[in-house]
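Note that this note's numbering has the sequence shown beginning at 207, numbered continuously upward. Worksheet for the structure shown next.
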Amino acid sequence: MKRAGNERGATVVEFAVIVIPLFLIVFAILEFSFIFYQRHFVENAAREGMRVGIRANNFSCFDGAPAPGCTPGVDRKTAVEQRVSEYLSALYDDSVIEVEHVEEKSLRVTATVDNFFPQLLSGLVPGFTNQSTLSYSITGEYEDPNEYDDEEG
Numbered sequence: 207m208k209r210a211g212n213e214r215g216a217t218v219v220e221f222a223v224i225v226i227p228l229f230l231i232v233f234a235i236l237e238f239s240f241i242f243y244q245r246h247f248v249e250n251a252a253r254e255g256m257r258v259g260i261r262a263n264n265f266s267c268f269d270g271a272p273a274p275g276c277t278p279g280v281d282r283k284t285a286v287e288q289r290v291s292e293y294l295s296a297l298y299d300d301s302v303i304e305v306e307h308v309e310e311k312s313l314r315v316t317a318t319v320d321n322f323f324p325q326l327l328s329g330l331v332p333g334f335t336n337q338s339t340l341s342y343s344i345t346g347e348y349e350d351p352n353e354y355d356d357e358e359g
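What follows is the structure in C-alpha cells.
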C-alpha cells in the first residue's frame, strides 16, 4: 500500500507534541522526589536528636543551667545539637539546629538546611519556584526518671 505524500514527517510532529509534556512530567517527578528525599532526611535528623534529648537520667543540665559546672558530656542541649549535626553532616555542610525547652518537661528540636538539589521544573515552568530551605520541628516530653524503676509489691 502506498502512503500519501502529505503524511510525511507526521511522526516527528507527533513526537514533538508529546515530548514536551512528557519531559515536564519526568522533571516534576525528579524534583519532587529530590525534595521528598531531603525532607525525609531532615525529619529523621530532628527525630534522632529528640530521641537523644528526651532520655531520662542521661543529662544533668540544659545549656549550662542550672549546674554551673555543666560539661558538654552532661549538657542536654549540646548532646542534641551534636547528634543532629552528625546526622546531617552526611549531606549538608551548613545546618541550623535549634534546641529549646517548650515547657517544664518538653523539648523542641528544629533542623533547617538549604535545598541543594537543582530546580529542574522551575526552569521550565514560569511562576513555579521551589523551597530554598527545608525545615522540620518536633516536640517531645522528657521521659520520667522513675518510669523504669522496679516496682515492689
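No residue lacks a Cβ here, since even glycine has one placed at the ideal position from N, Cα and C. In this text, all values refer to a predicted model and were calculated from it rather than measured experimentally.
Does DSSP put residue i in a helix, a strand or coil?
i	result
Leu-297	coil
Ala-222	helix
Leu-230	helix
Gly-359	In this prediction, Gly-359 has a pLDDT of 43, which is less than 50 and means its spatial position is unreliable; what the coordinates show is noted afterwards. Coil.
Arg-257	helix
Thr-284	helix
Ala-262	coil
Thr-217	helix
Glu-310	coil
Exposed or buried, what is residue i when buried is set at 16 or more other beta-carbons lying within 10 Å of its beta-carbon?
i	result
Asp-299	exposed
Ile-224	exposed
Glu-292	exposed
Gly-259	buried
Glu-237	buried
Asp-281	buried
Hey, residue i and residue j are a contact pair by Cβ (cut 8 Å); roughly how many whole angstroms apart?
i	j	result
Glu-287	Val-305	6 Å
Ser-343	Ala-252	7 Å
Phe-446	Leu-327	The first residue shown for the chain is 207 and the last is 359, placing residue 446 beyond what the model contains.
So the candidates are the options; which of them puts its Cα closest to the Cα of residue i?
i	options	result
Val-308	Lys-283, Leu-327 and Val-290	Lys-283
Leu-230	Val-319, Pro-332 and Asn-321	Pro-332
Gln-244	Leu-340, Ser-295 and Ala-216	Leu-340
Thr-318	Val-290, Thr-345 and Phe-334	Val-290
Gly-346	Ile-235, Phe-322, Asn-321 and Arg-314	Arg-314
Glu-254	Asn-352, Ser-338, Gln-325 and Thr-316	Thr-316
Asp-350	Met-256, Ala-271 and Arg-261	Arg-261
Under 8 Å: does the beta carbon of residue i sit that close to some heavy atom of the ligand MG?
i	result
Arg-245	You won't find the ligand MG in this model; it holds no ligand whatsoever.
Task: Unbroken stretches of the alpha helix (DSSP H), 4 residues or longer, contained in the stretch 316-352 - done: For the stretch 316-352, the full-length alpha helix (DSSP H) segments reaching 4 residues or more read 327-330 along the chain.
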